[in-house]
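Per the UniProt record's numbering, the very first residue in the sequence shown carries number 1; after that it's consecutive.
Glycine is no exception: its CB is placed at the ideal position from the N, C-alpha and C atoms.
Please read the structure below before turning to the comments.
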Amino acid sequence: MDYANASPDAVRKLIRENKLIAQTSGMCNGYAQANMAILPKDLAFDFLLFCQRNKKPCPILDVTDAGSPIPHLTAPDADLRYDIPKYRIYRHGEMTDEVTDIEKYWQNDLVAFLLGCSFSFESPMLDAGLELRHITDNHNVPMYKTNIDCVPAGVFHGPMVVSMRPMKPADAIRAVQITTRMPYVHGAPIHIGDPEAIGIKDINKPDFGDASVIRDGEVPVFWACGVTPQSIAMTTKPPLMITHAPGHMFITDVLNSQLSIM
Numbered sequence: 001m002d003y004a005n006a007s008p009d010a011v012r013k014l015i016r017e018n019k020l021i022a023q024t025s026g027m028c029n030g031y032a033q034a035n036m037a038i039l040p041k042d043l044a045f046d047f048l049l050f051c052q053r054n055k056k057p058c059p060i061l062d063v064t065d066a067g068s069p070i071p072h073l074t075a076p077d078a079d080l081r082y083d084i085p086k087y088r089i090y091r092h093g094e095m096t097d098e099v100t101d102i103e104k105y106w107q108n109d110l111v112a113f114l115l116g117c118s119f120s121f122e123s124p125m126l127d128a129g130l131e132l133r134h135i136t137d138n139h140n141v142p143m144y145k146t147n148i149d150c151v152p153a154g155v156f157h158g159p160m161v162v163s164m165r166p167m168k169p170a171d172a173i174r175a176v177q178i179t180t181r182m183p184y185v186h187g188a189p190i191h192i193g194d195p196e197a198i199g200i201k202d203i204n205k206p207d208f209g210d211a212s213v214i215r216d217g218e219v220p221v222f223w224a225c226g227v228t229p230q231s232i233a234m235t236t237k238p239p240l241m242i243t244h245a246p247g248h249m250f251i252t253d254v255l256n257s258q259l260s261i262m
C-alpha cells in the first residue's frame, strides 16, 4: 500500500489488525495526526487545564467522553484502544509496558485527549520543497526534554519536550512562515539554533526518537512537541497514564487545511 496517499480509515484498519506497526510520519498526506494521552476521569480536569495553559506543546483537537474510546470530533469510526500502532503505559511515572493495543488496560472512567502533532505540518513543508531529514533518512523525529517549564495546572507540571528538524537558514525562515499558520499543531518553532540554550546537552542523544544528522551550514529548528505529556507523567507520577509511543501517532479524519489559519 502507498501509505503516503492512503486514506486514514484504510491505514487505521491495518493498524487495528496489527498489520502495520510503524512510526506514522509521512502517512496519509493531507490529514492531521494526533498525540494521545489517556487519564482517569478524576485527573482529566487538571490535565484539560494544563493543556489550556500550555497550548504550544498540548493543542487540544478532541477529548472523549469518560469511558468512551471513540474520538467523535476527529474520527467517529475509530477506536483509540486499537487504532494507534504502539502505546505506552505509565504507572506512577514509570513506563511499565509498550503494547500494540490497550484493550486490557481500558477502564470505564478513562478520558482520552488527542493533541495536535508536528507531523501534520510536515505535508505543507514538503509541498514547499523543504527537506525533512527524518523522512529522508527514514527514522523517527528526534525529541528532547528541555529546561523550559510548562505552566503548572492542578497536579501536572514539568518540562516541555521539543522535536527538532535540521534546516538551512533560508529553509528555517520558510518553515516559520508555514507553521505559524498552524497553531493547532504546535505552530511556529519555539527556538532556532544553540541547543544548550534550552537545556539540551547533546543534540546527538535525543530523549525520544532517533538522532538526525545536522550538516554543515544547517541549524537545528525546535518545535514544541506533543510528547510533553509523557515527560509530565514522569514528573507528576499519576497512577495511570496511557500515551502513544513517540512517533506512532493517531491519524485523524481531519484535513490539515482545516487546522490552518490562512
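Range covered by the beta strand (DSSP E) that runs through residue i
| i | result |
| --- | --- |
| residue 98 | 94 to 99 |
| residue 253 | 250 to 255 |
| residue 52 | From DSSP, residue 52 is part of no beta strand (DSSP E) but of the alpha helix (DSSP H) over 41 to 53. |
Residue range of the unbroken alpha helix (DSSP H) whose run includes residue i
| i | result |
| --- | --- |
| residue 127 | 122 to 127 |
| residue 177 | 169 to 180 |
| residue 230 | 228 to 236 |
| residue 13 | 8 to 16 |
| residue 215 | Residue 215 -> no alpha helix (DSSP H), and no H or E assigned at all. |
| residue 135 | 133 to 136 |
Pick from the options that is closest to residue i, judged by C-alpha positions
| i | options | result |
| --- | --- | --- |
| residue 30 | 159, 119, 187 | 119 |
| residue 260 | 233, 212, 187, 205 | 187 |
| residue 256 | 121, 227, 132, 242 | 121 |
| residue 268 | 130, 250, 142, 136 | There is no way to answer for residue 268, as the model of the chain reaches only from 1 to 262. |
| residue 143 | 210, 23, 15 | 210 |
| residue 124 | 28, 226, 203, 61 | 28 |
| residue 79 | 16, 150, 11, 233 | 16 |
| residue 169 | 86, 39, 77, 214 | 214 |
| residue 59 | 185, 82, 177, 5 | 185 |
| residue 241 | 217, 183, 41, 198 | 41 |
| residue 229 | 11, 216, 157 | 157 |
| residue 86 | 216, 204, 5, 22 | 22 |
Exposure of residue i, with buried meaning 16 or more beta-carbon neighbours within 10 Å
| i | result |
| --- | --- |
| residue 33 | buried |
| residue 266 | Nothing can be reported for residue 266, as the shown portion of the chain is limited to 1 through 262. |
| residue 101 | buried |
| residue 258 | exposed |
| residue 200 | buried |
| residue 128 | exposed |
| residue 166 | buried |
| residue 72 | exposed |
| residue 84 | buried |
| residue 62 | buried |
| residue 193 | exposed |
| residue 177 | exposed |
| residue 227 | buried |
| residue 92 | exposed |
| residue 138 | exposed |
| residue 54 | buried |
| residue 45 | exposed |
| residue 236 | buried |
Within 8 Å, strictly: CB atoms of residue i and residue j
| i | j | result |
| --- | --- | --- |
| residue 253 | residue 96 | no |
| residue 159 | residue 231 | yes |
| residue 223 | residue 163 | yes |
| residue 243 | residue 37 | yes |
| residue 155 | residue 43 | yes |
| residue 39 | residue 99 | no |
| residue 140 | residue 246 | yes |
| residue 35 | residue 132 | no |
| residue 221 | residue 175 | yes |
| residue 24 | residue 234 | no |
| residue 57 | residue 151 | no |
| residue 198 | residue 147 | yes |
| residue 12 | residue 251 | yes |
| residue 113 | residue 208 | no |
In DSSP terms, what residue i is bridged to
| i | result |
| --- | --- |
| residue 271 | Outside the modelled stretch of the chain, which goes from 1 to 262, sits residue 271, for which no answer is possible. |
| residue 163 | 143, 223 |
| residue 191 | 222 |
| residue 266 | Any property of residue 266 remains undetermined from this structure, which presents the chain solely from 1 to 262. |
| residue 36 | 114 |
| residue 89 | 97, 242 |
| residue 149 | 159 |
| residue 208 | 143 |
Residue i at chain D interface by Cβ criterion, 8 Å
| i | result |
| --- | --- |
| residue 9 | Absent here is chain D; the protein component of the structure consists of one chain. |
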